[in-house]
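For the sequence shown, full-length UniProt numbering begins at 1 and goes up steadily by one.
The beta carbon of each residue, even a glycine, is placed where N, CA and C say it ideally should be.
Please read all numbers here as calculations on a predicted model, not as lab measurements.
Data block below; observations after.
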Amino acid sequence: MVPSNGCRLAKKRASSTNGPRAGWMQQLTAVQQQPRLRCCVSAGVSATAWAAMDPVSAPCPSASVHAGQPDLADDDPPPNNCFAFTPTQLHTLVTLRSLAALDAFGGLPGLAAGLRTDVLAGLNADESVQLGTLTFDEAVAAGREGRDPSIDNTEPRSVLVWTGSSRFADRRRIFGTNQLPRRHHKSFLKLLWVAFNDKLLILLTITASISVAIGIYRSLSSQFGTSSIEWVDGCTVIVAIIVIILASAFNDWQQNHRFEKLNERNNQRKVTVVRSAKPQRIWAHHLLVGDILHIEAGDVLAVDGVLVQAAGLHVDESSISGESAPVRKTTPADHNASHAGLADPFILSGAIVTCGVGRYLVTSVGAASSHGRTLMSLREDVEETPLQAKLGRLGKQLIGFGAVVGSFFFVILFIRYLVNLKRTAADSPAKKAEAFFQIVTISITLVIIAVPEGLALNVTVALAFAAKRMLKDNNLVRLIRSCEIMGNVTSVCSDKTGTLTQNKMKVVVGRIGADSSFDDLEAGTGDGRSRRAHTSARLAAALSEEVKDLVKDSMALNSTAFESDDPAAAASGYLGSSTETALLVFCRDRLGMGPLREERANSPIVAMLPFESSRKWMAVLVRLPEEGRYRLLVKGAAEVVFEFCAYAVCDVTDELAAERLSEDDRTGFRLTIQSYAERTLRPVAIAYCDFDASEVFESDDDDPADVNLEWLASGLFLIGVFGIRDPLRDNVEDSVRKCQAAGVFVRMVTGDNFLTATAVAAQSGIYTPGGVAMDGPTFRRLSPSQLDAVIPRLQVLARSSPEDKLLLVSHLRAMNEIVAVTGDGTNDALALKAADVGLAMGMQGTEVAKEAASIILLDDNFASIVKALSWGRTVNDSVKKFCQFQFTINISASILTVSVLVGLPIFTVVQLLWINLIMDIFASLGLATDLPSPECLHHRPEPRNAPIISITMWKMILGQSIYQLAVVFTVHFAGWDIFNPDSEFEIEKLQTLVFNIYVWMQFFNQHNCRRVDNKLDIWYKVLRNPWFISVQLITLVGQFVIIFKGGEAFDTVPLTGAQWGWSLLFGILTLPLGALLRQVPDRYVLELFRLFYGVFMAVVRLLRTVRACLSRSGRRRSKRHDGIEEGRPTANDDIEAAPTQAAGELSTGLGRSSVESQSQDESGKTGTSERVEDRVDLQALIDAARVGRVIGRDRLELHPETLKDDPILGRRSNVKLPPSQDPALQIIEMSESDEARGREQAAATSRSDVEQRGRRRW
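Now the structure itself:
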C-alpha cells in the first residue's frame, strides 16, 4: 500500500454552526443519563452503503418513563385500526421532536414495527390489507427487545370497504394519502352573483324591470287594435343581461377549472422510495405512512418522518422554526456513545435539504403532516398579473370616462324630455314614464358600450389558454404572470448540461495513472494522440486487480446514485446525476463492477461529503480492512481535484504504487485536461489518500459525525482523469438563432471547464464574433463600472458559482434588462427568484430550484425556452388584438349612440347590447385563443413601459372607425333620399339595414384584428383555432336569427336579398381597407400625431400664459389696493425664484451625487491594499485576449473571429434602454471577405495558441 501523507495536518473539526440547535440540549439533559435503547442505524452511516447497514443492531439513548413522559393518548382513534399507532399519536411524535418521545414508541425499531414496515426493505409492494391487529405496547416491546412483533389474529375485526385501489387499502384508510383535500371553489351560482354584482348591470336591470312593468301595464290597459307587446323591449334587455351574466360566469368557472388543473400538475413531482428492498420512483402524492423515502440536496421534504440513515445531511427549517442556520440531521448511531444524545432525527415536511443525503421513515402525510396543516390554513388565490393590473387601471379610467359621458348624455336628453313635455301632455302617465326610463336605459347602455368589460376576461382567457398549450410544449407554468413576462424577455442566461446538450453522458476518453490512456472516439476526431491510445476495453483488461478495485471504489462508493428498475433509469440502470451514472456504467461495462448494493456492502463508510456546485468535488472516507487504517476517495472537476494532488499512480498494470508529480508531469496532465475540454468533453478526476486513525481522529472519543473531509483533501494521489461526452441537442443551434432573431441576447452560464464551455457555446451559436467569455473567479472580482462595460458583450460565463449567476442576473436587471435564467441546483434558487422569469429543469433540477422558478422545463430543452418565448408574445398580442377590435367599436358605437341628440336613435338598446356581447364575450374568446404567428419571433421585445396601443394599432383603430361612421351615417341619414321610405315598415327596414351593416363590419373587422402589425396574412393558422371559428359561427347564426326572427324584441324586420348583399359588401370592404391601412408607413402617422400634439400643447401653453398674465395683473391690482410697499418681497417673487433655487439645488445635488459615486467607485477599485491586489485591469485583459494571451489567473477570451477594430467595451447611448436593445452596443457584423480571412488566421494560429495556453499555470 502507498503510505499516507506524512506532512498532513491534524484533522480539523467541523464548524460549530453545523451542530444541533441550542434548545435541543435542554430536552436532552435528562436523556443522556438514561440507559441506551435499540435504534435502527449501525455505525458507519452513509447514503451509499445502504445494504451494509443493520438498522436493528445500533443503540440510541433512552428517556426514562416517569412523570415527564409524553402524553400519547388518542381520545378518538380510527375504527378498526390494524396498526399500533394512530395519526394523532404520530403527529405528536413529530411535534415534540424529542428522543424521549421516540423512546416512548420503542425507538425507531418500535416505530417501524408498529407501522408494519421494514427500515431496510420499506413497504411490501404487494401489500393490500393487513391481517390481525397490533397493540401499542406490543410494538414498543418488540422494538426494545429487537424482535418481530406478535400479531393478534384472534380478535375479530370488521373490515371497512375502501373505495379506492386495493393496494395498501388499510394503510390509506387509517393514515390517508399525501394529497390535500380539493380546494373549495365558488359555485356556479356564486359566480353568477359575482358577474351580476356590477353597478351598471344592476342599474340597467332595475331600469329594464321598471320598463317591463310599465309595458305590461300598458299592454293590459291598451285598447283594441293597438299594440299589446310594449313589454318586449324591457324583457329583451333583461334576457340580454342574463346572457351576458351566464357567459361571464361560465368563463370564470372554466378558468378556475383550468387553473386548478394547472396547479395540480404543478404540485406533481416524483420522489424515490424503497419498496420490497428496491428503490423506485413514484409520484409524491402516492407516498404512504411507512414508506422509506430517499432524500438528497435540493429536495423539498414532502412528508414528516424519522431519519433512518444520513450522510452530511443538513436541512433548512427556517420556514418552520424561523432559524436561518441549517440544522444538521443525524441518527444516534452516527455518533459514538458519549455523543449519541446530540442526534436530531426528526424530519418536518416543508423543510429543504441544503446538502447531504439520507433516508427516513414516513410518519405523517397529506393534511396530517405539519406542512399540510399549514397549507390548509394558508390557501392563496391566483396572483394578479402585471398585464391584468395595467388593464384593470385602464378599465377603471374608462369607467370614469364613460360615467362622465353617460351622465352628460343623460342630462341633455333629460332637458330635451322636459322641454317636450308640453307637446306630450296628451300622453298617458305610463307612456311618459316609459319615455323617461328609455332615456335612462340608453344612457346606461352608452356607459356599457364605452366600458371594455372584456379586457380582464381577455387576459384571463389568453393566460389560461397559453399555460395549457405551454404544458403540451413541456413548459409547466407555476406562476401565471410569467406567461406574459416571458414575451418581453431581452436576455436569457442558459445552463449547458441538459439544456443545450442531451444529458446523455458517456465516458469516451481517459488517462489512468501517469502513462496509460484510452480513447473510444472514432478515428480522426482527436488531435492525433487518440489514434495511439488503447480502447477502454483493452486498457481495462491490462489493469492490475488492485488498481481496478481502486477505480471501482472511487466511482461506486463515492457516489449518491443507486440502482433502480424505474423507467427513468432504463438507459443506464442507475438513478442519480448524469455524471455519476456515466462513471458507474463505465465501471460496470469495463471494470466488471457488480451490483452497487454488493460493492457498497463490503466497504464500511465512515463519513461522506456530498457534491456541491460551489466546491466542484465530493469525497467519502472508508474504513480499510487493516486495523486503524482509512482511505479518502475524492472525485470532481479535473482542474480542481488535480490541484489537490501531489502524487500520481505510476504503473497501473502492476501492484498499486505512486510517485511524486514533477513539473513536467503536471504540464502533461494539464494538457490532457485541456485537450478534453477543447473537444467539448467534461473532464473528471479521481484521487485517493490513505490515513492512520491518529490522522483522522485526535482521540478515541472523537465523534465520527464531526469528521471534516475538506481538511483532509490535500496531498492526494491522482488515480486518473476521464473525459465524458455530452452531445449537443439536435435543434439547439436553430433555437439559439431564433432567440437572437427575436432580439433576445443568449448567454451560457455554466460551472463547466472554461474551454469546454467556450467550445460548446461556439457549436451552439451562442459564442459569436465580438463576444466575450470569462470565468467566474474573474467575473466576481470586477467593479460595478467594469460589469457595466463588459456585460453587454458577455456571452459565456464558465466555472461560475451560483453567486456569480445571481450577480449577473441582478446586474442585468439593474441595466433594465428583462431576464430569464435557467437553473437546476439548490443554490440556483436565489438567481431564479431574482430573475424576471426563472426556468427550472424538470428532469435534473432539484425541488428547491423548482419551487423558486416560475416555469419548469419538463424536458430540460433549450427549444422549450423558445416556445415559451413565442407563447409569451402571443399572450401580449392577444390583448392587443382585443384592444384594437374593442376600441374600434368603442369609438364608433359611442359616437353613433350620442348621435341620438341630433335625431332619432340609430340603434335600440337591445341592438346595442347584442353588439356589446359580440364585442366583449365573443371577441375575448376568439382573439385570445390564437396560436403563435410565424412572425412573432421576428421583432424585438417591447420595453417595460411600452404602451399597450401602438402607432400601428391606432392607425387601424382610427381608420376603421372613420370608415364605419361614414358608412353608417351615410346609409342612415342619406337613406331617406336614396331608399325613400314611405311607410313605418320601410323605415324599420332602413334601420334594420343600418344595424345589419354595422354588425357585419364588426364581423369582418374581427378577422382584420387577428394581426396587430403591418403584415397582410390575417388568416394564419385560423383553421387550427376552433374557438375563433365557433365564435364566428355563433355571430353569423345569431345575426341571421335576429334579422329574420327578431321582430319586436330587436326592432328588426326581414331584409331583401339586395339589402343583404349591400350589408355583406360594406362588411367585406373592411378587409381591403385594413390591407390599405397597413401599407401606410407608421412614421407618417407618428408625425401626424406629433403635429396634433404640438398644436394641442401650443394651445395649452397659450392658455397658461393668458391665465398667468391675468393672475399677475389681478395680484398687482390687489397689492395697489391694499397699499403694499414696493420694496417688500411678494409671494409671486418667491414663486418665481423657486424654480431657480430648485434648479441650483438639483444641480448641486447631481454634482454631489456624481462626486460621491465617483469616490465610491474609486474606493471600490482601491480600498485597502488587499483590494488593490485583487483589482482586475479589464482593458488589459481585453488587449491581451486580442492576441491570445492570458494575464495571471484571470481568464477572459474574445471570439477568434472578432474584428480587430471592435471596441468591445462600448458606452450606452440611453441608460433607459437595455444594453441588448441599444444600437450603440450591437456587435459589429463581419463581411464575408473579413469572415473568410478571419477563419484562415484562426486556423493558422489555433494550434500554437493551444500549446501556449496549456503550458501556463492554471
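To the nearest angstrom, report how far apart Leu-808 and Arg-1078 are at their CA atoms.
41 Å
Straight-line Cα distance separating Ile-412 from Gly-926:
37 Å
Which same chain residues end up closer than 7 Å to Ala-125 when comparing Cβ atoms and leaving out the 5 residues on each side of it in sequence?
Arg-275, Ser-276
DSSP three-state label for Ser-187, please.
In the displayed model, Ser-187 falls within coil according to three-state DSSP, outside both helix and strand.
Does DSSP put Asn-475 in a helix, a strand or coil?
strand
Just verifying my parser: in three-state terms, what is the DSSP assignment at residue 1264?
Only positions 1 to 1258 of the chain appear in this structure, which leaves residue 1264 out of reach.
Cβ of residue 1290 within 8 Å of Cβ of Gly-350?
There is simply no residue 1290 to check, as the chain begins at 1 and stops at 1258 in what is shown.
Starting from Phe-1040, trace the alpha helix (DSSP H) both ways and give me its first and last residue.
1026-1045
Three-state class that DSSP yields for Cys-645 in the structure shown:
strand
Hey, Gly-298 and Arg-116: beta-carbon distance below 8 Å or not?
Cβ atoms of Gly-298 and Arg-116: not closer than 8 Å.
Residue from Val-353, Ala-310, Thr-331 with nearest C-alpha to Glu-317:
Val-353
Measuring CB to CB, does Ile-856 end up less than 8 Å from Ala-840?
yes
How would you label Trp-871, buried or exposed, when you count the other beta carbons within 10 angstroms and need 16 or more for buried?
buried
In the structure shown, what three-state DSSP assignment does Ser-370 receive?
helix
Could you tell me the distance, in whole angstroms, from the CA atom of Tyr-676 to the CA atom of Lys-548?
Distance between the alpha carbons of Tyr-676 and Lys-548: 23 Å.
Integer-rounded CB distance, given that Gly-743 should sit under 8 Å from Gln-1221:
7 Å
DSSP three-state assignment for Ile-1135, whether helix, strand or coil:
Residue placement at Ile-1135 is flagged as unreliable, the pLDDT there being 34, under the threshold of 50; a coordinate-derived value is accordingly withheld.
Hey, Ala-852 and Leu-832 are a contact pair by Cβ (cut 8 Å); roughly how many whole angstroms apart?
4 Å
Taking the alpha-carbon positions, what's the Ala-648 to Ala-601 distance?
Their backbone Cα atoms lie some 28 Å apart in a straight line.
Report back the beta-carbon spacing between Val-968 and Val-994 to the nearest angstrom; my notes put them in contact at under 8 Å.
So it is a contact: roughly 6 Å between Cβ atoms.
May I have the straight-line CA-CA distance separating Gly-751 from Ser-578, to the nearest angstrom?
So the alpha carbons of these two residues sit roughly 15 Å apart.
Between the C-alpha atoms of Ala-640 and Ile-719, what's the straight-line distance to the nearest angstrom?
Note that residue 640 is Val in the sequence shown, not Ala. Distance between the alpha carbons of Val-640 and Ile-719 is about 14 Å.
Per-residue burial, Trp-914 [other beta carbons within 10 Å of its own, 16 or more giving buried]:
buried
Cβ neighbour criterion (16 or more within 10 Å) applied to Thr-535
By the neighbour-count rule (16 or more Cβ atoms within 10 Å), Thr-535 is not buried but exposed.
Excluding the 5 residues preceding and the 5 following Thr-707 in the sequence, name in chain order all residues of the same chain whose CB lies nearer than 6 Å to its CB.
Looking at the sequence provided, one finds Val at residue 707 rather than Thr. So the list reads Ala-607, once near-sequence residues are dropped.
Whose C-beta lies closer than 6 Å to the C-beta of Phe-586 among residues of the same chain, with five residues either side of it excluded?
Val-507
Tell me, to the nearest whole angstrom, how far the beta carbon of Val-821 is from that of Arg-511; I am working on the premise that it is less than 8 Å.
Wrong, their Cβ atoms sit about 35 Å apart, outside the cutoff.
Using a beta-carbon distance below 8 Å, is Ala-835 in contact with chain B?
Looking for chain B here will not work: only one protein chain is present.
Do you know offhand how far Ser-369's Cα is from His-91's?
7 Å
How about Thr-177 and Asp-152: do their beta carbons lie closer than 8 Å?
no
Using a 10 Å radius around the Cβ and a threshold of 16 neighbouring Cβ atoms, would you call Ala-537 buried or exposed?
exposed
How big is the Cα-Cα spacing for Val-120 and Leu-293?
A quick correction: the sequence has Leu, not Val, at residue 120. Taking the straight line from one Cα to the other gives about 11 Å.
Rounded separation between Ile-951 and Thr-768 - CA only
Cα-Cα distance, rounded: 35 Å.
Rounded Cβ spacing between Pro-604 and Arg-623 (contact assumed at less than 8 Å):
5 Å
Pro-1054 in three-state terms, based on DSSP
coil
Considering just the uninterrupted stretch of the beta strand (DSSP E) at His-294, what are its terminal residues?
292-296
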